[in-house]
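K.L.:
Protein chains in written order, with my numbering: chain A, 1 to 408; chain B, 1001 to 1408. Handing you a structure now.
2 protein chains.
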Amino acid sequence: MTRGSRSERAASLDEADPLTTFRHRFVRADDVVAYLDGNSLGRPLAETSARLARFVGETWGGRLIRGWDEGWMEEPVRLGDELGRVVLGAGPGQTVVGDSTSVLLYKAVRAAVALAPSRTEVVFAAGDFPTDRFVLQGVAAELGLTLVPIETPHDGGVDPDRVAAAVGPDTAAVVLSHVAYRSAFVTDVAAATAAAHAAGAAVVWDLSHSVGALPVHLDDWDVDLAVGCSYKYLSGGPGAPAFLFARRDLLPRLHQPIQGWMGADQPFAMGERYAPDPGIRRFLSGTPSIVAMRPIRDMLEVIDEAGVDAIRAKSERLTAFAVELVDELLTPLGVRLASPRDPAMRGSHVTTDHAAFPAMLPALHRDGIVPDFRRPDGLRLGLAPLSTSFAEVEAGVLAIRDALRRTG
Amino acid sequence: MTRGSRSERAASLDEADPLTTFRHRFVRADDVVAYLDGNSLGRPLAETSARLARFVGETWGGRLIRGWDEGWMEEPVRLGDELGRVVLGAGPGQTVVGDSTSVLLYKAVRAAVALAPSRTEVVFAAGDFPTDRFVLQGVAAELGLTLVPIETPHDGGVDPDRVAAAVGPDTAAVVLSHVAYRSAFVTDVAAATAAAHAAGAAVVWDLSHSVGALPVHLDDWDVDLAVGCSYKYLSGGPGAPAFLFARRDLLPRLHQPIQGWMGADQPFAMGERYAPDPGIRRFLSGTPSIVAMRPIRDMLEVIDEAGVDAIRAKSERLTAFAVELVDELLTPLGVRLASPRDPAMRGSHVTTDHAAFPAMLPALHRDGIVPDFRRPDGLRLGLAPLSTSFAEVEAGVLAIRDALRRTG
C-alpha cells in the first residue's frame, strides 16, 4: 500500500468510527503526534481540569468538614457501585475504591487464602505483572504458603486448561490477570474461575489491563474477588486509587488484616474493639483520597455514554489495524508480533519485539511518538478506544518503521 | 468582660498577629463564620485550585506517561524530604508519601515488631485514636502478639513515666500519638522514646494531630518510625496521602509485608523476585497518587515561609485565648475543659465537654459555626494557626455560649 492510500485508509476508518467525536473531549498534548500509551496512563478529560478546580474551591473549600456528611463518606462505595454498573458487570454493594492496586491485591489475597486455612498453595501466572507476583511472594513468605506457577507461553497469558491442571485439593487461591500486561492475551475469566472453583479454590482477578476497554461481567462469571487500577482506560490520573470487588455472598466471610477506622462497622463510634463493616466497606482501611477519585467519576460518565460494547468494538478495530500495519511495515524489518492475532483473544494493546527498540525510544519521543516500552525489547502500543485515532496508530507504526530503517 | 471589649481584644490579637496575612491565602466559605475544624480537614489554599487544574491540563495531559520520568517517580520521596525538612525535623531519605495513615501504620508496626521476633508484646495508649488501636488489634491477632495498654487519664495523652512502667523485655514495639486526638495532650516524644529504647523496644509515633502545627524533631528525638496524615494542618485535602518516616540506620533491617513494584529495588526491571529498595522507598507498595500529593506541596511552601516556630507560637496564643473564653463564658454554664491548661502540654485544639453539646451541633452549623464533635459529648475546637483568626475563636465560643443558654 502506498503512503497516500494508507493515510486515506486511516482517515476513512476515523470517519466511519462511531466514537470518533469522543477523542475531542480529552486534553491534547501539543508535542504529541501519536499517544500510544493510554494503557499505562490515560489522557485526562478536558473537563476534569475545571471540575477538579471547582471541587477544591467550592466543595472542599466551601463545605469543609461538612463534606464528609454530604457525600464523601459514601463516595468509595458510590463510585464503586458506578464502576460495577458501568464497567465491571457487578451489582451494587460489592465494589469499593481506595488504596493502590498493590495494597488492595494484598488485602484480596489475604482474605481469599483465609477462607481455606488448611490449604497451602496459591496458583499464579509466571508471566504476570511484577506487582502481582511480588505481592504473592510477600503473602506466601509471611503465611508459609507455596506458590505454584502456571507457565505462560503467551507472554503472560493463561489458558483455562492450564488452570485446571494446576489446581488441586491444596489450592487456597488462584490469582490471575484478565488481560496480560505484556502481550494483551485475554484469559477466559469464566472458564478459569470455574476450573478454580471445581478444585474448591477462590479466585482473585487483576483487571488492571482490561477495565474500561473490554466488557467485564464479574457477577455472571462467578468471580470471588477482583482488583484493578483506574489510571489506564479509566483516566483517573497518575496513581489514581484502585478498586476492589468481592462477591456479595462471600463478604461476611472475608477478612483483610489492615483494620482501619474507615472499614469499621461504625467509624465514628470510636469504640473499643474493631468490628468490620458488614458490607464491602470492610476492605477500606484509612481515609481514601476524595480528590483523587474525582477524575474517575468524570471518565465513568463518558464511558457510560459511549457504552462498553462500542468501546470494545473500536478497540478490536484499532488493534486489528495496528496488526495489519505491523505485518505490512514492520515484519519485513525483523519485528515480531508478540500479541495474539485473533482479536477476540487480544486486549487493547499490541506488543511488538525487536532488539533495536530500546535504543530507538528517545528518537521516537523526539518525533512526538509515545509508545510504551517493556523489557527486554518490546514496544507496547496501547490503544485507548475513546481517545486514540486510527491516524495515530498509522503515524506511530510509520515512525517506528522509519526509525528502524535509520538504525539498520 | 463586655461583648464590645472582648471583640476589641480579638481584633487587637489579630492585628498583632505576625501571621495574620496568611489567613487570606486560604479559600473562604461564604456561609462559615468560624471554621474550628482545621484539625480534621484543613482549608485549601486558594492557589491550590488553579494549580491542580494546571497540573491536570499541562502536566498530566501535556506530559502524559513521560511525567513519570520527569519527576513523578521521585515525588513520593522528594515530597517526603520536604516534609522532613519543613515540618518533621528529619534529614533526607527517611520520609515517603503514599497510602493512607492506617495502611502506613500497619506497615510501620509490622516492620517494627519484626525487628525483635522473640518479643511478644506491643505497648499502646488505651485512649488513642480508633484506627491506631484497630490496626494494632489486627496485627496482634495475626501475629499472636499481646497488646499492653497504657492508661491515659489525659483523655488519650500519655506520660513518659507510664511508658517506662509499661515496657519490659517482652516489648517489641511502643505505638503512641504525639498529640492526643481528643484532649490535645502533648506527649514528650524524646522522653517516651528513650523509655522504650531503654527496654530495647522500637517506637512508632503517630504525628497526625501535631504535624504542621507543632515543632517535630524526629532525628533529634531518636525516633525509629513515624506516620502521619496530611489533611489536617497540612491542607492536603479530604483523604490526602499520608507519610511514613523511618530512621536511616534502621532502614536496611525494616521489612513491610505489602511487596508492590513501587517499593522494589528496580521497579522497571520486571524481575523474578521482589527485592526491596535499599532506602525509604521500600515502604511504598503500589503507585501513589501524584494528583493527591499536589496540595500538600503547596501548603508546605506556605508553612516554610511562615516557619514552624512562628506557627507554634500563634497556636499557643490561639488555644490560650480559647481557654480564656471557655473559662469566662462556658465554665459558668457547666462546661468542662478537657484539654491541658499548660500551653506547653497542649496541641492546637481545645476540647470542652457538656452533655448538651451533641444536640446543639445542628444549630451551631446553621449559624455558620463549624467545630468538631467527639463522643460522648465533646466539642473540639481545632485552631489551624495559619488559617484561623482570633475573631473566629471568639465568634465560636460566643455561639456555643448562646446555644447553651437557649438549651438551658
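Beta carbons are placed, not taken as given, at the ideal position from N, Cα and C, and that holds for glycine. Here the structure is a predicted model, which is why all the values come from computation and not from measurement.
Measuring CA to CA, which of A/V350, A/A403, A/L386 is closest to A/R366?
P.N.:
A/A403
K.L.:
Assuming A/L143 and A/H178 are in contact, meaning their beta carbons sit under 8 Å apart, how far apart are those beta carbons, in whole angstroms?
P.N.:
At roughly 25 Å, the Cβ-Cβ gap does not stay under 8 Å, so A/L143 and A/H178 are not in contact.
K.L.:
Run through DSSP, which three-state label would A/I280 get?
P.N.:
helix
K.L.:
Go ahead and label A/S5 buried or exposed: buried means 16 or more other beta carbons lie within 10 angstroms of its beta carbon, across all protein chains shown.
P.N.:
exposed
K.L.:
Counting Cβ pairs closer than 8 Å, one from the region 52 to 65 of chain A and one from the region 1249 to 1263 of chain B, do we hit at least three?
P.N.:
No contact exists between the region 52 to 65 of chain A and the region 1249 to 1263 of chain B.
K.L.:
From B/E1151, B/A1125, B/P1215, B/V1103, pick the residue whose C-alpha is nearest to that of B/V1227; which is it?
P.N.:
B/V1103
K.L.:
For a contact meaning CB atoms closer than 8 Å, what does A/R66 contact in chain B?
P.N.:
Those are H1365, V1370, listed as they occur along chain B.
K.L.:
Is A/L83 close to chain B? Criterion is C-beta to C-beta, closer than 7 Å.
P.N.:
For A/L83, the answer is no, since every Cβ of chain B falls outside 7 Å of its Cβ.
K.L.:
Do you know offhand how far A/A201's Cα is from A/E74's?
P.N.:
32 Å
K.L.:
Scan the region 267 to 279 of chain A for residues whose Cβ lies nearer than 9 Å to a Cβ of chain B and list them as they occur along the chain.
P.N.:
P267, F268, A269, M270, G271, E272, R273, Y274
K.L.:
Are A/G91 and A/D219 closer than 7 Å when you measure CB to CB?
P.N.:
yes
K.L.:
Short of 8 Å in beta carbon distance, which residues of its chain neighbour B/L1019, apart from the five on each side in sequence? Order them along the chain.
P.N.:
A1306, A1310, I1311, K1314, P1385, L1386
K.L.:
Could you round the C-beta distance between B/L1383 and B/P1371 to whole angstroms and report it? I think they count as a contact, below 8 Å.
P.N.:
Wrong, their Cβ atoms sit about 10 Å apart, outside the cutoff.
K.L.:
Pick out whichever of B/R1374, B/A1140, B/S1285 has its Cα sitting closest to the Cα of B/A1355.
P.N.:
B/R1374
K.L.:
Identify the continuous alpha helix (DSSP H) that holds A/V139 and give its terminal residues.
P.N.:
130 to 143
K.L.:
Leaving out five residues before and five after A/T59 in sequence, what residues of the same chain have Cβ atoms less than 7 Å from its Cβ?
P.N.:
G67
K.L.:
Are the CB atoms of A/Q256 and B/Y1274 nearer to each other than 7 Å?
P.N.:
no
K.L.:
At which residues does the alpha helix (DSSP H) containing A/L105 begin and terminate?
P.N.:
From DSSP, the alpha helix (DSSP H) with A/L105 extends over 101 to 114.
K.L.:
Taking 7 Å as the CB-CB cut-off, is B/V1350 touching chain A?
P.N.:
no
K.L.:
Using the three-state DSSP reduction, which class does A/L79 fall into: helix, strand or coil?
P.N.:
helix
K.L.:
Does the pairing of the region 1145 to 1165 of chain B with the region 1188 to 1196 of chain B give three or more beta-carbon distances under 8 Å?
P.N.:
yes
K.L.:
In the structure shown, what three-state DSSP assignment does A/T146 receive?
P.N.:
Here A/T146 sits in strand by DSSP.
K.L.:
Who does B/W1205 pair with in a DSSP beta bridge?
P.N.:
B/L1176, B/A1226
K.L.:
At a cut of 8 Å, does the region 390 to 397 of chain A reach the region 10 to 27 of chain A through at least three beta carbon pairs?
P.N.:
yes
K.L.:
Could you pull the start and end residues of the beta strand (DSSP E) that A/A53 belongs to?
P.N.:
From DSSP, A/A53 is part of no beta strand (DSSP E) but of the alpha helix (DSSP H) over 46 to 54.
K.L.:
Measure from the C-beta of A/D161 to each C-beta in chain C and report whether the shortest distance is under 7 Å.
P.N.:
The structure shown contains no chain C; its protein chains are A and B.
K.L.:
Residue ranges of each beta strand (DSSP E) run of no fewer than 3 residues wholly in the region 238 to 315 of chain A, ordered along the chain?
P.N.:
Here the runs fully enclosed are 243 to 246.
K.L.:
For B/A1090, does the three-state DSSP call read helix, strand or coil?
P.N.:
coil
K.L.:
Compile a chain-ordered list of the residues in the region 1310 to 1338 of chain B whose CB is closer than 7 Å to at least one CB of chain A.
P.N.:
Listed by position along the chain: nothing, the set is empty.
K.L.:
Name the residue from A/A173, A/L330, A/W205, A/W221 whose alpha carbon lies nearest to the alpha carbon of A/F409.
P.N.:
As displayed, chain A neither begins before 1 nor continues past 408, which places residue 409 of chain A out of reach and without an answer.
K.L.:
Looking at the unbroken beta strand (DSSP E) that takes in B/L1379, where does it start and where does it end?
P.N.:
1378 to 1382
K.L.:
Measure from the C-beta of B/F1124 to each C-beta in chain A and report whether the shortest distance is under 7 Å.
P.N.:
no
K.L.:
From A/D159 to A/I150, what distance separates their C-alpha atoms?
P.N.:
Cα-Cα distance, rounded: 9 Å.
K.L.:
DSSP on A/D372, reduced to helix/strand/coil?
P.N.:
strand
K.L.:
For B/P1288, tell me which candidate among B/D1031, B/R1085, B/G1098 has the shortest Cα-Cα distance.
P.N.:
B/G1098
K.L.:
With DSSP collapsed to three states, give me the class of A/D353.
P.N.:
strand
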